[in-house]
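This report refers to the structure that appears directly beneath it.
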Amino acid sequence: MSCKKVIRLAVGEVGNQLSPTYRIWNNRNDVYLGDRTTAHFFKVSLHESGVWTVAATSDSGLELQPGNRRLKRWYRPQPEPGQTWVSGTNIAVPRIPEVDHIKITDSHTGKGKDVDWIPAPEIGTKAVISLILPAPGQSLADAMGIETDCNYLELDNAQRVYPICQYSLLDRVDHGNIAGILADSQAPEWISANNNDVFGFLSSWMRGGLVPCIYVVKWGATPNPLFVRR
Numbered sequence: 025m026s027c028k029k030v031i032r033l034a035v036g037e038v039g040n041q042l043s044p045t046y047r048i049w050n051n052r053n054d055v056y057l058g059d060r061t062t063a064h065f066f067k068v069s070l071h072e073s074g075v076w077t078v079a080a081t082s083d084s085g086l087e088l089q090p091g092n093r094r095l096k097r098w099y100r101p102q103p104e105p106g107q108t109w110v111s112g113t114n115i116a117v118p119r120i121p122e123v124d125h126i127k128i129t130d131s132h133t134g135k136g137k138d139v140d141w142i143p144a145p146e147i148g149t150k151a152v153i154s155l156i157l158p159a160p161g162q163s164l165a166d167a168m169g170i171e172t173d174c175n176y177l178e179l180d181n182a183q184r185v186y187p188i189c190q191y192s193l194l195d196r197v198d199h200g201n202i203a204g205i206l207a208d209s210q211a212p213e214w215i216s217a218n219n220n221d222v223f224g225f226l227s228s229w230m231r232g233g234l235v236p237c238i239y240v241v242k243w244g245a246t247p248n249p250l251f252v253r254r
């Protein structure tokens, strides 16, 4: 593993992505996360102050409410007893059979950029990427006893940020999240307007415990009904 100025990662492989390409970077002791398609408009900000947000960027000019660019705000959690690390945010990427035939490569891969490819989960499971922040001066091995070859950021205060991935079976909550994202989207209209020749990723924020989670679902035209209005 090595220290990077910017980390780019995606779930899957070139030609068959299950997620967009995410970019993780920092400015001094503030950490930012955005996917390469929408980062100009929205990003996650983990500020040194402990106020963490999902918000429209200042460059976008978007306001979600008058005078307010924030979509979500939460506060840096305290480490659990006996721990020295906290989780910044999570990205959940399920793999469902209905869309497994769809092959996607987003426009930001294969352009000479280094992308850390996270192996795709098995059908019926999900990959969950967590941004882990150990105490300043600690490695992931120091904080969690985990040896990893993943790249990491190092902040000005000597704190590191590691993206780590775990896999688990999809459960009832996951299937509810997937159904809700698909049902509430405009994807059926996009597919119809483009004669079934359109596909992409749908993302939504799910509140789970102290740390919000980005839930990402691949979508596109399928032989069987995928979108059910609620």
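With the numbering used here, the residue at position 207 of the sequence shown is 231, and numbering never jumps. By construction, the Cβ of each residue, glycine as well, lies at the ideal position given by its N, Cα and C atoms.
Alpha carbon of residue i to alpha carbon of residue j, nearest angstrom
| i | j | result |
| --- | --- | --- |
| Ser69 | Trp109 | 18 Å |
| Glu37 | Arg47 | 16 Å |
| Cys237 | Lys127 | 24 Å |
| Asn53 | Leu177 | 10 Å |
| Pro121 | Ala182 | 43 Å |
| Trp98 | Leu157 | 16 Å |
| Val241 | Ser163 | 32 Å |
| Met230 | Asp173 | 29 Å |
| Arg100 | Ile202 | 27 Å |
| Phe251 | Ala207 | Its pLDDT being 49, under 50, Phe251 is placed unreliably in this model, and the coordinates cannot settle the point. |
| Val55 | Gly112 | 9 Å |
| Glu72 | Pro103 | 15 Å |
| Asn175 | Leu57 | 15 Å |
| Gln119 | Val78 | The residue asked about is misnamed: residue 119 is Arg in this sequence, not Gln. So the two alpha carbons sit approximately 25 Å from each other. |
| Val30 | Tyr239 | 22 Å |
| Val123 | Leu226 | 13 Å |
| Val139 | Phe66 | 21 Å |
| Gly74 | Met168 | 22 Å |
| Arg254 | Ser209 | Annotation note: pLDDT 46 at Arg254 (below 50); position unreliable, no value reported. |
Opposing strand residues paired with residue i [DSSP bridges]
| i | result |
| --- | --- |
| Leu190 | Note that residue 190 is Gln in the sequence shown here, rather than Leu. According to DSSP, which records beta bridges pairwise, Gln190 is partnered with Val152. |
| Cys27 | Tyr176 |
| Asn114 | Ser154, Cys237 |
| Gly74 | In the DSSP output, where bridge partners are listed per residue, Gly74 has none listed. |
| Gly39 | Paired residues: none, contrary to the question. |
| Ala34 | Trp141 |
| Arg100 | Arg100 pairs with nothing; no bridge assigned. |
| Val185 | Leu177 |
| Gly224 | Trp243 |
Boundaries of the alpha helix (DSSP H) in which residue i is found, first to last residue
| i | result |
| --- | --- |
| Leu206 | 196 to 208 |
| Ala165 | 164 to 168 |
Nearest-angstrom Cβ-Cβ length linking residue i and residue j, presumed shorter than 8 Å
| i | j | result |
| --- | --- | --- |
| Phe223 | Gly244 | 3 Å |
| Asn114 | Ile153 | 7 Å |
| Ala144 | Leu33 | With 8 Å as the limit, Ala144 and Leu33 do not qualify as a contact, their Cβ atoms being about 13 Å apart. |
| Asn50 | Leu179 | 6 Å |
| Asp130 | Pro44 | 5 Å |
| Leu155 | Val185 | 6 Å |
| Val35 | Ile205 | Not quite, the Cβ-Cβ distance comes to about 16 Å (not below 8 Å), so this is no contact. |
Delimiting residues of the beta strand (DSSP E) encompassing residue i
| i | result |
| --- | --- |
| Leu57 | 54 to 59 |
| Ile48 | 46 to 51 |
| Cys237 | 235 to 244 |
| Ile142 | 140 to 142 |
Pair every Cβ in the region 186 to 200 with every Cβ in the region 148 to 164, then say whether three or more of these pairs are closer than 8 Å. Output reads yes: the region 148 to 164 touches the region 186 to 200.
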